[in-house]
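If you're matching positions, the sequence shown starts at 534 in the numbering used here and goes up one per residue.
Okay, structure first, notes after.
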Amino acid sequence: MAPTSWTLLVAGVLLVLLLVWVTFTLTRLRRLESRVTRAWDVLDVALARRADLLAAVGRERSAELGPDRGAALTGAVEVSRRPPGGDREAAENALGRVLRELPGSLRGPELDDAGWRVGLARRFYNDAVRDTRALRRRPLARVLRLPGRRPLPRFFDIDDGLDAVVGAGRSEGR
Numbered sequence: 534m535a536p537t538s539w540t541l542l543v544a545g546v547l548l549v550l551l552l553v554w555v556t557f558t559l560t561r562l563r564r565l566e567s568r569v570t571r572a573w574d575v576l577d578v579a580l581a582r583r584a585d586l587l588a589a590v591g592r593e594r595s596a597e598l599g600p601d602r603g604a605a606l607t608g609a610v611e612v613s614r615r616p617p618g619g620d621r622e623a624a625e626n627a628l629g630r631v632l633r634e635l636p637g638s639l640r641g642p643e644l645d646d647a648g649w650r651v652g653l654a655r656r657f658y659n660d661a662v663r664d665t666r667a668l669r670r671r672p673l674a675r676v677l678r679l680p681g682r683r684p685l686p687r688f689f690d691i692d693d694g695l696d697a698v699v700g701a702g703r704s705e706g707r
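Here it is as structure tokens:
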């Protein structure tokens, strides 16, 4: 074989490898973006369920809440359903603060379960966002502009008080 034949063969093999990698990466990006969308839908449902349960507590136990705490609860629920300026994180943080201030006698097991579900759904969503952002930030993916013009997904960070509990299974070294 002539040296030019070897060069063409090596170039062809490298081109095929690059095409296989691009196809694999595009498929993985599509799956990760789908995972982000599904995780957001689950998180949105969990947040709505928690707000509905808190609204029910506000309606059914208004006498036990008192006028100030009842108004704060109702206001926080309404703001979380329609956040001003689209700042969902701030609205959910306000709702979480009101929830933490509720006495234990007013919080039922359903409300605690809803809080855990919000924490887990947020964790799954943020994990999907982290994986997607990591793949999209790889140098070759950026150079080839594989993600196109789609914006990077954003993390959803709220103070739900579950970070220490949900992350307790991890060891410090990982």
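From the three backbone atoms N, C-alpha and C, an ideal C-beta is built for every residue, glycine too.
Just so we're clear, the structure is a prediction, and the values are computed from it rather than from any experiment.
query                                                                                                                                                               : result
Indicate the three-state DSSP secondary structure (helix, strand or coil) for G702 in the structure shown.                                                          : Here the model assigns G702 a pLDDT of 43, short of 50, so the residue's position is not dependable and the matter cannot be decided.
What residue range does the alpha helix (DSSP H) around R678 cover?                                                                                                 : Counting along the chain, R678 falls outside any alpha helix (DSSP H), and DSSP gives it neither H nor E.
Rounded to the nearest angstrom, how far is the Cβ of A588 from that of V612, given a contact under 8 Å?                                                            : Not really, about 12 Å apart at Cβ, beyond 8 Å.
Here's the rule I'm using: 16 or more other beta-carbon atoms within 10 Å means buried, otherwise exposed. How should R655 be labelled?                             : buried
Looking at L548 and L679, is the spacing between their C-beta atoms short of 8 Å?                                                                                   : no
From this set, L586, G681, P684, A661, which residue's C-alpha is nearest P642's C-alpha?                                                                           : L586
According to DSSP, is D585 part of a helix, a strand, or is it coil?                                                                                                : helix
Could you pull out every unbroken alpha helix (DSSP H) segment of at least 4 residues lying fully inside the stretch 564-643, listed in chain order?                : 595-598, 600-614, 621-634
Can you give the Cα-Cα distance for D577 and A623, rounded to whole angstroms?                                                                                      : 15 Å
Look at the alpha carbon of S567 and the alpha carbon of A604, and state the distance between them as a whole number of angstroms.                                  : 39 Å
Which residue's Cα is closest to the Cα of L685: S595, D693, R670, D692?                                                                                            : R670
Report yes if the CB atom of V662 is closer than 8 Å to the CB atom of V569, and no otherwise.                                                                      : yes
So is A535 buried or exposed if we call it buried at 16+ other beta carbons inside 10 Å?                                                                            : exposed
Is A674 closer than 8 Å to T558 when the C-beta atoms are compared?                                                                                                 : yes
With a threshold of 8 Å on Cβ separation, who are the neighbours of N659 within its own chain once the five nearest residues in sequence on each side are excluded? : F688, F689, D690
By Cβ distance, which residues of its chain are closer than 6 Å to A579, with the 5 residues on each side in sequence left out?                                     : R650, V651, A654
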